[in-house]
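Counting with this note's numbering, you get residues 108 to 286 for the letters of the sequence shown. Below is one structure, written out as structure tokens; the observations come after it.
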Amino acid sequence: DKEKKKETFDYPLEVGMKWTYEVGGKADPVTITAERKTTVGKREGIEMVAQVNGVASLPEVMTVEKGKLFRVAFQGQEVDPPLELFQFDGRDGDEWSREFTGQGTKVKTDFSLKVQDVKVPLGEYKKARVVKAIADDGTNKVISTVWYASGVGMVKQTVSINGMNLVDLELTKFEKGEK
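Encoded structure:
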């Protein structure tokens, strides 16, 4: 059925990787570091820690399984079931919904995928996967749009909560981890 050769999308996730982002024109950058391997529930993943001015956030744990990116824990707490953020072989226009419990709250999230080029301070990336997530826990509506580039990971992110823009990140530096 599938005559065309599929493009491969590489989501890098190794201990020691580090992404640095500018924050909406503000002076203090955000760094996200793949700190260490860990296990949450029955899943192995990589603990990701964000820092601003040397102050670390609570970690989230990410894992790649069967061509999909999952969030296994957020702000130090397990996400149940792990949240499928996107499929690497997803196509422009794909949509999916997931429900999960995180921090004791049940959340329904609707996702959509676009494939488009994106330009950030570090460079231009062709055919980035743009994942828009609309999460609703009955109290707050969170809209997150993340641009993922093959071989690099997240290159851009915007987040709003209840219509107020809170996050605007663009990649300025990417450091590969140790193999």
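Glycine residues also receive a C-beta, built at the ideal position from the N, C-alpha and C atoms.
Candidates the options: closest to residue i by CA position
{"i": "G245", "options": "F218, V253, T208 and V262", "result": "T208"}
{"i": "G260", "options": "Q210, V249, F193 and G270", "result": "F193"}
{"i": "V225", "options": "L276, A163, V122 and V156", "result": "L276"}
{"i": "G284", "options": "D117, F116, E121 and T115", "result": "E121"}
{"i": "V171", "options": "F116, T140 and V222", "result": "F116"}
{"i": "K263", "options": "D243, A242, E282 and G230", "result": "G230"}
{"i": "G211", "options": "E185, F281 and L220", "result": "E185"}
{"i": "L220", "options": "S164, R236, I250 and M169", "result": "R236"}
{"i": "E282", "options": "A157, I139, A242 and W254", "result": "I139"}
{"i": "V162", "options": "M169, D187 and D135", "result": "D135"}
{"i": "G148", "options": "V179, D201, M124 and K173", "result": "V179"}
{"i": "A141", "options": "G200, G131 and M169", "result": "M169"}
{"i": "D199", "options": "V238, S164 and K173", "result": "V238"}
Residue i and residue j closer than 8 Å at C-beta
{"i": "E191", "j": "F177", "result": "yes"}
{"i": "Q182", "j": "E206", "result": "no"}
{"i": "T279", "j": "P228", "result": "yes"}
{"i": "K234", "j": "V222", "result": "yes"}
{"i": "K215", "j": "D243", "result": "yes"}
DSSP three-state assignment for residue i, whether helix, strand or coil
{"i": "N272", "result": "strand"}
{"i": "L120", "result": "coil"}
{"i": "V259", "result": "coil"}
{"i": "G284", "result": "coil"}
{"i": "L192", "result": "strand"}
{"i": "S267", "result": "strand"}
{"i": "G230", "result": "strand"}
{"i": "W126", "result": "strand"}
{"i": "R205", "result": "strand"}
{"i": "G152", "result": "strand"}
Residue i versus residue j - alpha carbon distance
{"i": "A240", "j": "I268", "result": "12 Å"}
{"i": "E151", "j": "K144", "result": "7 Å"}
{"i": "M271", "j": "K248", "result": "10 Å"}
{"i": "V159", "j": "G258", "result": "24 Å"}
{"i": "Y118", "j": "S251", "result": "19 Å"}
{"i": "D108", "j": "D196", "result": "Reliability fails at D108, whose pLDDT of 44 lies under 50, so the model's placement of it is uncertain and the value that follows must be treated cautiously. About 16 Å."}
{"i": "S204", "j": "V137", "result": "29 Å"}
{"i": "P189", "j": "E129", "result": "28 Å"}
{"i": "V156", "j": "V274", "result": "16 Å"}
{"i": "G174", "j": "K133", "result": "35 Å"}
Contact test: residue i Cβ vs the ligand FMN heavy atom, cutoff 7 Å
{"i": "E129", "result": "This structure lacks the ligand FMN, and indeed carries no ligand of any kind."}
Residues bridged to residue i (per DSSP)
{"i": "L220", "result": "V238"}
{"i": "G165", "result": "Sequence check: residue 165 is Leu here, not Gly. L165 is not bridged to any residue."}
{"i": "E172", "result": "K175"}
{"i": "D243", "result": "K215 and K248"}
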